[in-house]
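Q:
2 protein chains.
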Amino acid sequence: MPDVKHFDPEAALDAVVRLFWRRGVATTGIQDVVDATGLNRSSLYATFGGKRELYRAALERYVRERSNLAPLEQDDRGLPAITDFFHGLVDARCTGEHAGWGCMISNAHAGAENDDPQVRAVLDRQHERLHNALLNALRTARRHGQLGPDTAGTDTAGSNTADPGATDPGTADLDAAASVLALLAHAVNLRSRAGADARQLRDTVDAAIAMIARR
Amino acid sequence: MPDVKHFDPEAALDAVVRLFWRRGVATTGIQDVVDATGLNRSSLYATFGGKRELYRAALERYVRERSNLAPLEQDDRGLPAITDFFHGLVDARCTGEHAGWGCMISNAHAGAENDDPQVRAVLDRQHERLHNALLNALRTARRHGQLGPDTAGTDTAGSNTADPGATDPGTADLDAAASVLALLAHAVNLRSRAGADARQLRDTVDAAIAMIARR
DNA sequence: GGTATCTTGGAACCCTCGGTTCAAGATGGC
DNA sequence: GCCATCTTGAACCGAGGGTTCCAAGATACC
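Protein chains in written order, with the numbering used here: chain A, 1 to 215; chain B, 216 to 430.
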């Protein structure tokens with residue numbers, strides 16, 4: 001009875017992702033989407049809804065298909081996993097097809113898109129996912145003895161006295177280090193959009209990782 | 216003979232700054248500018264030109280009046296200057312009148328504004344200015360012995376203020392550390408726009424500074 | 001093949017965009 | 001008061017915004 005779609009929605013959505021990723025939502029018109037996807041206005045609205053829903057769908061596809069967190073999350077080498085992640089990040093941002101595009105998530109932070117609560121939820125969720133991946137990698141690194149000798153004798157009381165003696169003294173430090181690295185990733189995404197030099201960015205992230213390593 | 220301007224261009228431009236800063240360029244129309252400034256279209260175009268020139272003028276006024284780099288540049292206390300700078304940054308981004316607005320420079324990175332070479336030049340110039348200010352503060356910190364013992368094993372935990380004109384062994388390290396902090400500032404600006412927690416950001420920048428201090 | 005149901009194509013919708021123009025009003029030196 | 005100069009408000013322009021509607025085309029079950 002029913003007719004079936006004459007195009008691949010996922011392929012079309014991928015074209016939309018690349019459009020919004022590179023040029024931003026506000027400066028991209030529906031006509032641009034029509035031109036890029038090749039499909040018609042009617043099909044567009046029938047499939048995805050209006051522009052807001054289209055952007056949301058594109059953003060979700062981006063975090064699903066284009067965010068390269070999986071290698072980091074599944075890599076249990078510790079510090080080398082983090083280094084490789086950041087080197088891959090810098091490369092992806094500064095060279096190749098998507099050079100100068102930045103990160104669609106980071107870009108969404110700065111625009112008016114995050115007025116949408118659903119968009120903001122995606123942003124927070126992705127940031128937490130990145131933080132957790134980095135934290136796990138740092139924990140693995142400490143387990144492997146890749147982090148310099150410093151975990152002993154730290155933790156000068158502080159406010160959180162709830163920790164029993166069994167917990168690791170460096171847990172809070174690792175969490176903070178993961179936060180620093182997560183923020184650093186955002187900044188790499190940002191600066192790469194202004195054409196920052198790849199070597200410069202690479203050296204900077206290397207320095208940050210080194211500071212965390214020999215602490 | 217000629218009539219004189221019936222408004223204050225600087226005051227009007229300041230209103231434009233706040234408009235573009237908060238909502239972005241792409242999503243702000245000329246009509247919004249007219250409403251915010253109180254003056255009409257003709258005066259607007261006669262005084263500033265089109266939207267691009269208006270944005271450029273607003274951006275330049277932002278870096279001139281709203282970027283809080285002067286205190287850091289003139290503060291010769293070393294590490295405390297850096298700490299105060301970042302604490303002030305987090306406060307300004309998360310509380311008060313401009314909470315959640317981020318930084319107009321950081322925002323410009325993510326948008327389509329930086330297609331304009333003149334805009335990109337402002338971005339690079341401001342980034343370099345931040346980097347230099349942080350680097351100078353770090354040099355001062357080392358001169359004051361506020362940085363941990365690591366510089367090629369010269370002195371062990373000494374408040375050594377020597378190290379005269381000779382080539383500094385830790386210059387490259389300081390430069391990299393300044394780059395890390397500069398990127399961190401960008402990331403704070405970015406995440407604050409998504410409503411990141413002030414304490415979280417504060418703890419993170421404190422951790423980064425601490426990592427640099429005891430290196 | 002018939003037919004119900006969905007997709008598709010294209011046009012039109014209404015609104016706002018950035019930008020320009022023009023006549024009337026306001027101003028201050030002569 | 002005169003008059004050149006500037007300001008002001010409003011109308012106007014073409015273009016493009018996002019969205020909707022309806023006929024025409026395609027499909028799969030009966």
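By construction, the Cβ of each residue, glycine as well, lies at the ideal position given by its N, Cα and C atoms. In this text the structure is predicted, and so the values were computed from the model without any measurement.
Counting C-beta neighbours from all protein chains within 10 Å, is the total for GLN74(A) 16 or more, i.e. buried, or is it exposed?
A: GLN74(A) comes out exposed.
Q: I'd like to know if ASN351(B) contacts chain A, where contact means its C-beta is closer than 7 Å to some C-beta of that chain.
A: It does not: the Cβ of ASN351(B) has no partner Cβ on chain A nearer than 7 Å.
Q: DSSP on TRP101(A), reduced to helix/strand/coil?
A: Coil at TRP101(A), not helix or strand.
Q: What's the call for ALA70(A), buried or exposed, on a 16-neighbour Cβ count within 10 Å?
A: Counting Cβ neighbours within 10 Å, ALA70(A) comes out exposed, since fewer than 16 surround it.
Q: Can you tell me where the alpha helix (DSSP H) with GLN341(B) in it begins and where it stops?
A: Per DSSP, GLN341(B) belongs to the alpha helix (DSSP H) from 332-358.
Q: Assuming the contact rule is C-beta atoms closer than 8 Å, CYS318(B) and ASN404(B) should be a hit. Round their C-beta distance to whole Å, please.
A: Indeed they touch by this definition, with Cβ atoms about 4 Å apart.
Q: Run through DSSP, which three-state label would ALA292(B) get?
A: First, the amino acid is wrong: residue 292(B) is Arg here, not Ala. Coil.
Q: Does any residue of chain A have a CB that is nearer than 7 Å to the CB of VAL278(B)?
A: Not one chain A Cβ lies under 7 Å of VAL278(B).
Q: Excluding the 5 residues flanking ALA166(A) on each side, which residues of the same chain have their C-beta closer than 6 Å to its C-beta?
A: Note that ALA166(A) scores a pLDDT of 40, beneath 50, so its modelled location is shaky and nothing firm can be said.
Q: Would a check of beta-carbon distances place VAL395(B) closer than 7 Å to chain A?
A: With 7 Å as the cut-off, VAL395(B) counts as an interface residue toward chain A.
Q: Taking the C-alpha atoms as reference points, what is the distance between PRO169(A) and PRO332(B)?
A: Note that PRO169(A) scores a pLDDT of 48, beneath 50, so its modelled location is shaky; the value from the coordinates is reported in the next line. Computed Cα separation, rounded: 50 Å.
Q: Against chain B, which members of the region 75-108 of chain A pass a CB distance test of less than 7 Å?
A: The region 75-108 of chain A vs chain B, Cβ under 7 Å: GLY102, SER106, ASN107.
Q: In whole angstroms, give me the CA-to-CA distance for HIS6(A) and THR28(A).
A: So the two alpha carbons sit approximately 25 Å from each other.
Q: What does the alpha-carbon distance come out to for the pair THR252(B) and ARG77(A)?
A: If I take the Cα positions, the gap works out to 57 Å.
Q: Any C-beta of chain B within less than 7 Å: which residues of the region 11-30 of chain A qualify?
A: Flagged, chain order: ARG23, GLY24, ALA26, THR27.
Q: Please specify which runs of the alpha helix (DSSP H), each continuous and at least 4 residues long, are wholly inside the region 170-205 of chain A, giving them in chain order.
A: Listed in chain order, they are 171-193.
Q: Tell me, please, whether the CB atom of ALA162(A) is closer than 7 Å to any CB atom in chain B?
A: Confidence is the limiting factor: at ALA162(A) the pLDDT is only 41, short of 50, which leaves the residue's position unreliable, though a coordinate-based value still follows. With 7 Å as the cut-off, ALA162(A) does not count as an interface residue toward chain B.
Q: Which residue from LEU19(A), ILE209(A), GLN200(A) puts its Cα closest to that of GLU97(A)?
A: When only C-alpha atoms are compared, the closest one is LEU19(A).
Q: Counting C-beta neighbours from all protein chains within 10 Å, is the total for SER257(B) 16 or more, i.e. buried, or is it exposed?
A: SER257(B) should be labelled exposed.
Q: Which chain B residues are close to GLY111(A), counting only those with a beta carbon under 7 Å from its beta carbon?
A: Chain B residues near GLY111(A): GLY239, ALA325, GLY326.
Q: Is it right to say ALA402(B) is buried, meaning 16 or more other beta carbons lie within 10 angstroms of its own, or is it exposed?
A: Looking at its Cβ environment, which holds 16 or more other Cβ atoms inside 10 Å, ALA402(B) is buried.
Q: Would you call LEU228(B) buried or exposed, if buried means 16 or more other Cβ atoms sit within 10 Å of its Cβ?
A: Label assigned to LEU228(B): buried.
Q: Please classify ASP163(A) as buried or exposed, where buried requires at least 16 neighbouring CB atoms within 10 angstroms.
A: For ASP163(A), the predicted structure reports a pLDDT of 40, less than 50, and the residue's modelled location is therefore unreliable. The matter cannot be settled from this model.
Q: Can you check whether the C-beta of ALA207(A) is within less than 7 Å of a C-beta belonging to chain B?
A: For ALA207(A), the answer is yes, since a Cβ of chain B falls inside 7 Å of its Cβ.
Q: Answer yes or no: do LEU338(B) and ALA393(B) have a C-beta to C-beta separation smaller than 7 Å?
A: Contact flag unset, no.
Q: For a contact defined as C-beta to C-beta under 9 Å, what are the partners of THR171(A) on chain B?
A: What THR171(A) touches in chain B: nothing, since even the nearest Cβ is about 13 Å away.
Q: Start and end of the alpha helix (DSSP H) containing THR262(B)?
A: 256-263 is the span of the alpha helix (DSSP H), which, as asked, contains THR262(B).
Q: Please classify GLN31(A) as buried or exposed, where buried requires at least 16 other C-beta atoms within 10 Å of its C-beta.
A: GLN31(A) comes out exposed.
Q: With GLN146(A) as the anchor, note down where its alpha helix (DSSP H) starts and where it stops.
A: Unbroken run through GLN146(A): none, as it is neither H nor E.
Q: Starting from LEU284(B), find everything on chain A with Cβ-Cβ shorter than 8 Å and list it in chain order.
A: Correct list: empty, because the minimum Cβ distance to chain A is about 17 Å.
Q: Thinking just about the alpha-carbon of each residue, which of ALA241(B), HIS346(B), ALA296(B) is nearest to the one in ARG269(B)?
A: Contrary to the premise, residue 269(B) reads as Leu rather than Arg in this sequence. Closest option to LEU269(B), Cα to Cα, is ALA241(B).
Q: Would you verify that the beta carbon of ASN255(B) is, or is not, closer than 7 Å to some beta carbon of chain A?
A: Answer no: the Cβ-Cβ gap between ASN255(B) and chain A never drops below 7 Å.
Q: Does ASN132(A) come within less than 7 Å of chain B when only Cβ atoms are used?
A: ASN132(A) does not count as touching chain B.
Q: Measure from the C-beta of ALA141(A) to each C-beta in chain B and report whether the shortest distance is under 7 Å.
A: So no, ALA141(A) is outside the interface.
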